[in-house]
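Participant: Dumping the structure here so I can ask a few things about it.
Numbering (full-length UniProt numbering), first residue to last: 1 to 45.
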């Protein structure tokens, strides 16, 4: 698999985590979308 590094910058509450989660899901890197509200995303701890 080819690794590509990207950066996502935006103001608070602009949807960075949602966008990142969607990119991971669309690319097949994860099998199900996480939820910011539920705390189940891959990029927020």
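Beta carbons: idealized from backbone N, C-alpha and C, even for Gly.
Under the three-state reduction of DSSP, which class applies to residue 41: helix, strand or coil?
Facilitator: Numbered from its first residue, the chain shown carries residue 41 at position 41. DSSP places residue 41 in coil when its eight states are reduced to three.
Participant: So, residue 35 versus residue 43, is the Cβ gap smaller than 9 Å?
Facilitator: Position 35 of the chain shown, counted from the start, is the residue given in the question as residue 35. Position 43 of the chain shown, counted from the start, is the residue given in the question as residue 43. Not a contact, by the Cβ cut-off of 9 Å.
Participant: If you scan the UniProt domain "Tr-type G" (2-44) from start to end, which runs of the beta strand (DSSP E) of 3 or more residues do you find wholly inside it?
Facilitator: Counting whole runs of 3 or more residues, the UniProt domain "Tr-type G" (2-44) contains no beta strand (DSSP E) stretch at all.
Participant: On the criterion of 16 or more Cβ atoms from any shown chain inside 10 Å, does residue 21 qualify as buried, or is it exposed?
Facilitator: What you label residue 21 is simply residue 21 of the chain shown in a count that begins at 1. By the neighbour-count rule (16 or more Cβ atoms within 10 Å), residue 21 is buried.
Participant: When you compare only the Cα positions, how much space is there between residue 25 and residue 18?
Facilitator: Sequence index remark: in the chain shown, residue 25 carries index 25 (1-based). Sequence index remark: in the chain shown, residue 18 carries index 18 (1-based). In a straight line, the C-alpha of residue 25 is about 11 Å away from that of residue 18.
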